[in-house]
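In this note's numbering, the protein residues as written are 94 to 248. Every residue gets a Cβ at the ideal spot worked out from N, C-alpha and C, and that includes glycine. Quick caveat: nothing in here was measured; it's all calculated off a predicted structure.
Structure (structure tokens):
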């Protein structure tokens, strides 16, 4: 029997919640389907950042990144990740499913500070110009695609 006392390195990420302007009262727990995320876009450093807008995959009940062009349920915004989520394990393998710990679906956010505020229809979901009936946004402080919105998703 031998003991391995070699040096091992662990990577952590300090979360950036500058997008969250007011602490939410309720945080829901969900499970992410990591296969729906793109490693180079959503977790290039192994972590899915807090503030990532999520949609629910209808067939599985799991969650992936919101995508206005999707047809699997993710085209309807559900909420935002409250904290960073580790997608790549310490051994370098990518997890298939990961619990988020918390998802926010009733919050005041700074859209411009979200990690993926453009490129997949996120702004439309947040300012109410897409997904009419499923997303309610109010208290816009500037123009139609405001920098600050109050978001409430109905679960």
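- Residue environment: residue 182 is assigned as exposed (fewer than 16 neighbouring CB atoms within 10 Å of its CB, all protein chains considered).
- Looking at the backbone, the Cα of residue 140 and that of residue 96 are separated by about 31 Å.
- Between residue 114 and residue 108, the alpha-carbon positions lie close to 15 Å from each other.
- DSSP places residue 151 in the coil class of the three-state scheme, outside both helix and strand.
- A direct Cα-Cα distance of roughly 10 Å separates residue 125 from residue 188.
- The beta carbon of residue 117 lies closer than 7 Å to those of 197, 199, 200 in the same chain, with the five residues before and after it left out.
- For the 8 Å CB-CB criterion, residue 171 and residue 195 do not form a contact.
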